[in-house]
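In this note's numbering, the protein residues as written are 24 to 136. Where is the CB? At the ideal position from N, CA and C, for every residue including glycine. Predicted model, so just to flag it, every value in this text is computed and none were measured.
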Amino acid sequence: MTTPRTVALVSDDLMFASQLQAAMARSGGRCDLVVGDAVPPADAVFVDLNSRVEQRISLIARLRAQQPGLTIAGFCHHAERELRRRALAAGATRVVNNGALQAVALRVDGRIP
């Protein structure tokens, strides 16, 4: 996946959201925090599967139906194998563990190679 210029983040984790927004801004991109179900146009959508699981699995399915080519990356605890399977079945492009998404944010920011 190439580095997206715009990312929509579906998450209740405001600390991570602010870190990702800052990283994207420093790299010339943008990260919009999704409020409710209104997902703004974006190159990629990151979906936090650590809370509101059923709502977010439904959101993944809806986004996939509306935008077949959209990159949708879910993230959750590394032990959540069944949740990963469900998110992929709903249409997520990939599902990574929480730490992996934070590493991606640091890469976008240029803090790690």
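Next on the checklist: Can you check which of these residues, Thr-29, Leu-72, Leu-56, is closest to Ala-115 by C-alpha distance?
Outcome noted: Leu-72
Checklist entry - Since Ala-31 is in the alpha helix (DSSP H), which residue starts that stretch and which ends it? => result Ala-31 -> not in any alpha helix (DSSP H); beta strand (DSSP E) instead, spanning 29-33.
Checklist entry - Since Thr-94 sits in a beta bridge, which residues does DSSP pair it with? => result Ala-67
Item to check | Range of the contiguous alpha helix (DSSP H) that encloses Val-76 | outcome: 76-89
Item to check | DSSP beta-bridge partners of Asp-55 | outcome: Beta-bridge pairing by DSSP links Asp-55 to Ala-31.
Checklist entry - Under three-state DSSP, which class holds Asn-204? => result Because the chain here runs from 24 to 136, residue 204 falls outside it and cannot be looked at.
Item to check | Beta-ladder partner(s) of Ala-40, from DSSP | outcome: Its beta-bridge partners do not exist; DSSP assigns none.
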